[in-house]
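According to our numbering, the sequence shown holds residues 4 to 335 in order. Quick reminder that beta carbons are idealized off the backbone N, C-alpha and C, glycines included. Structure record follows, encoded as structure tokens.
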Amino acid sequence: MVILGACASWSLITAAARDGRPEGVLLAVLAVAAGYSVGRICGALLPVAAACAAGLAGAALTMAVPHLVTGPRITVPLGHAGATAALLVLSAGAACCGAWASPVPAVRLALRLLAAGIAVTAAVLGSAAGCAACAVVLLCSLAAGRVRHRGAVLAGLSLIAGLVTTLTWAVAARAVPDGLAAFVEARLTSARVLLWGDALDLLRGDAVLGVGPGRFGELSPTARTVADGRPHSAAWQQAAEQGVVGVVLLGTAFGWVLYALWRSPRPTPVVLTAGVALTGLATIATVGNALSFTAVSVGAGLLAGLATAHPLTEEPPTPAPGTGRQGHRTFR
């Protein structure tokens with residue numbers, strides 16, 4: 004609550020100082036808090052059913068509203084592919100968490116097939132990144148049953164998220180070799196890289212407060228060619244609009260989620276599956292506008308809540324690595 008309160012308060016401070024519009028940030032904070040609360044409650048009462056429902060709901064929403072918006076769809080030059088991929092990754096993560104929470108082998112198989120089906124859905128919808136990310140979540144979830152100590156894996160996930168963020172900063176600052184820069188630009192489009200460069204210029208203008216929430220589209224020359232007027236990177240949007248403090252708060256929120264997973268009483272496979280899915284979301288949000296969509300923010304909070312809940316019923320122990328028998332759960 005302290006971290007979410009700090010994120011909301013800082014957005015109000017920067018908005019007041021720079022005549023910004025903090026409504027988007029406040030809505031995102033509220034969405035995460037609401038999703039997390041629902042996840043904790045449902046995860047305590049019905050850990051398997053809640054995870055299954057979350058996976059099905061996310062996949063159904065993506066298919067029913069492919070671009071997650073009811074208004075005009077933005078297709079050029081960046082589009083909404085990041086939001087679609089993010090929601091599908093969270094859905095696959097929820098399904099895999101439900102599989103590990105169930106003591107019934109048939110239910111576990113069904114939920115893993117659901118996760119595989121979500122990956123196929125991503126491919127059908129044309130989201131190659133979503134398909135790959137869902138496949139990674141499923142494979143990592145299967146391997147999580149052989150992990151004894153969750154702390155090292157969660158630390159590795161934080162390192163991955165940090166490396167991806169650092170890469171975007173290096174690309175925006177033109178601090179990478181030309182070959183790597185060309186490779187990244189070819190995959191992410193030149194418009195996205197130009198947006199990051201504009202965000203860097205705005206950050207240099209005021210590294211503490213930024214230009215104010217919601218003002219990037221007004222001040223970025225490149226944003227005039229992009230219909231949504233966003234930098235398509237959560238880190239760069241925070242940097243440009245809320246300064247370095249905003250970036251630190253965003254990173255702190257993600258770090259707290261990983262810490263909460265480390266302390267969670269849920270079985271290690273459930274925790275690590277959620278950690279991989281949320282890291283996938285963080286990676287997608289670092290190079291896209293996924294967090295600009297309320298459904299994604301709610302889904303992230305929901306999955307984190309499910310993976311950190313205190314179930315009222317006893318959960319099945321994790322199979323001991325290499326034995327196929329049931330062993331004791333390891334919470335650290």
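Span of the alpha helix (DSSP H) around residue i
i, result
"residue 60", "50 to 67"
"residue 17", "5 to 21"
"residue 135", "131 to 147"
"residue 219", "219 to 222"
"residue 291", "Run containing residue 291: none; DSSP gives neither H nor E here."
Through-space distance from residue j to residue i, alpha-carbon basis
i, j, result
"residue 165", "residue 128", "29 angstroms"
"residue 175", "residue 95", "31 angstroms"
"residue 242", "residue 115", "38 angstroms"
"residue 170", "residue 187", "10 angstroms"
"residue 40", "residue 182", "45 angstroms"
"residue 132", "residue 88", "6 angstroms"
"residue 65", "residue 86", "9 angstroms"
"residue 130", "residue 9", "34 angstroms"
"residue 67", "residue 53", "21 angstroms"
"residue 153", "residue 221", "44 angstroms"
"residue 223", "residue 262", "36 angstroms"
"residue 199", "residue 57", "33 angstroms"
"residue 138", "residue 185", "27 angstroms"
Sequence-distant residues of its chain with Cβ nearer than 8 angstroms to residue i (five each side left out)
i, result
"residue 208", "214"
"residue 47", "312, 313, 314 and 315"
"residue 167", "285, 286, 289 and 290"
"residue 206", "213, 242, 243, 246 and 247"
"residue 276", "96, 99, 100, 103, 140, 143, 144, 147 and 310"
Option nearest residue i by Cα separation, candidates the options
i, options, result
"residue 145", "173, 268 and 111", "111"
"residue 202", "107, 250 and 113", "250"
"residue 298", "195, 12, 223 and 91", "91"
"residue 271", "227, 258, 236 and 104", "104"
"residue 253", "31, 193 and 184", "31"
"residue 157", "211, 98, 259 and 108", "259"
"residue 238", "261, 280, 293 and 265", "293"
"residue 59", "118, 178, 283 and 197", "118"
Contacting residues, own chain, Cβ-Cβ under 6 angstroms from residue i (five flanking each side not counted)
i, result
"residue 15", "25"
"residue 42", "305, 308 and 309"
"residue 38", "301, 304 and 305"
"residue 51", "101, 104 and 105"
Under the three-state DSSP convention, the category residue i falls into
i, result
"residue 178", "coil"
"residue 211", "coil"
"residue 231", "coil"
"residue 315", "coil"
"residue 192", "coil"
"residue 161", "helix"
"residue 296", "coil"
"residue 128", "coil"
Contact set for residue i: own chain, Cβ-Cβ below 7 angstroms, skip 5 residues either direction
i, result
"residue 218", "21, 23 and 244"
Near the ligand MG: residue i beta-carbon under 6 angstroms from a heavy atom
i, result
"residue 92", "Absence of the ligand MG from the depicted structure is noted, as is the absence of any ligand whatsoever, leaving it without description."
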